[in-house]
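Right, one structure below, let's go through it.
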Amino acid sequence: RKVQKLLSKYITTLPTDLKHKLTSYHSKPPHLHGLPKIHKAGIPLRPIISSIGSPCYVLDGFLHRILSPSAGKSDSFVKNSAYFVQLLKTVNLHSQDIFVSFDVVSLFTNVPVDEVLQIIENKLHDDVTLTERSVLQVKAIMDLLEVCLRTTYFQLDDKFFQHKDGMAMGNSLLPIVSNIFTEYFEKLALYSAQYKSSLWLRYVDDTL
431 RKVQKLLSKY ITTLPTDLKH KLTSYHSKPP HLHGLPKIHK AGIPLRPIIS
481 SIGSPCYVLD GFLHRILSPS AGKSDSFVKN SAYFVQLLKT VNLHSQDIFV
531 SFDVVSLFTN VPVDEVLQII ENKLHDDVTL TERSVLQVKA IMDLLEVCLR
581 TTYFQLDDKF FQHKDGMAMG NSLLPIVSNI FTEYFEKLAL YSAQYKSSLW
631 LRYVDDTL
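Heads up: the sequence shown begins at 431 in my numbering, then just goes up one per residue.
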């Protein structure tokens, strides 16, 4: 209902065919399933909330295309393993250098929704190319994005639950949204750090 209400609100802005495409018909609730972590002892399950066919599923993809250019702007960004290897070839190591890697624990479920919404809104206001990929104003984009990020209910068997903290695994928006937040946090942390590293690279939640 929230999605359809917002789409109706911006009906004069959205082309008719796009509004029809984004409107969910015969949708179903997101459902929870477990993905085995076969690389870890005991093979624990990674909880995934599948949003395929849910009210926000198509809208998630629409917003993902709008937000994608807002991420991957930092000097530390690593887009894939081949790019990482090429970067390492340019590094001059010294005998006193120490090789350290970090991993963010449960990144997606620890991203603060309120804060990341504000970060994204600021980035969109500063984005001079936004009108090239969206007919919507920043306010409309943020209204739709907030609904998607805060719609965290899911079904398990015959019961319904609400994911309360952060963002749930399975939403197609999560990689781009978490990357935007991590870049923002990373910039603040590196700027304020007492000791500066000679090299800092990051792929999603893994840093070097």
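Ideal Cβ placement from N, Cα and C applies to all residues, glycine included.
Alpha carbon to alpha carbon, what distance is there between residue j and residue i?
| i | j | result |
| --- | --- | --- |
| residue 468 | residue 475 | 9 Å |
| residue 602 | residue 528 | 36 Å |
| residue 535 | residue 512 | 25 Å |
| residue 567 | residue 622 | 34 Å |
| residue 639 | residue 634 | The requested residue 639 does not occur in the structure, where the chain is confined to residues 431 to 638. |
| residue 495 | residue 488 | 11 Å |
| residue 445 | residue 571 | 15 Å |
| residue 584 | residue 620 | 37 Å |
| residue 626 | residue 607 | 27 Å |
| residue 631 | residue 431 | 42 Å |
| residue 557 | residue 500 | 8 Å |
| residue 515 | residue 505 | 15 Å |
| residue 436 | residue 532 | 40 Å |
| residue 452 | residue 637 | 36 Å |
| residue 434 | residue 521 | 51 Å |
| residue 582 | residue 542 | 14 Å |
| residue 438 | residue 530 | 51 Å |
| residue 561 | residue 540 | 31 Å |
Could you tell me which of the options sits nearest to residue i, measuring between CA atoms?
| i | options | result |
| --- | --- | --- |
| residue 460 | 443, 447, 480 | 480 |
| residue 502 | 562, 524, 553, 443 | 553 |
| residue 537 | 598, 624, 443, 560 | 598 |
| residue 564 | 518, 492, 519, 515 | 492 |
| residue 465 | 477, 618, 509 | 477 |
| residue 463 | 629, 600, 618, 531 | 600 |
| residue 497 | 628, 531, 605, 453 | 605 |
| residue 628 | 449, 510, 524 | 524 |
Going by DSSP, what residues sit across from residue i in a beta bridge?
| i | result |
| --- | --- |
| residue 589 | 586 |
| residue 639 | Beyond the ends of the chain as shown, which are 431 and 638, falls residue 639; an answer cannot be given. |
| residue 637 | 532, 632 |
| residue 507 | 632 |
Practice task
Check whether the segment 482-497 touches the segment 445-464, counting contact only when three or more Cβ pairs, one atom from each stretch, lie closer than 8 Å.
Solution key: yes
Exercise for the section: Flag this pair as touching only if the segment 537-556 and the segment 573-587 have three or more C-beta atom pairs under 8 Å; answer yes or no. Expected result: yes
Practice task
Assess, as a yes-or-no matter, whether the segment 611-621 is touched by the segment 585-603 under the definition of 3 or more beta carbon pairs within less than 8 Å.
Solution key: no
Practice task
Please go through the segment 543-628 and give each complete alpha helix (DSSP H) segment of 4 or more residues, from N-terminal end onward.
Solution key: 543-556, 568-580, 604-622
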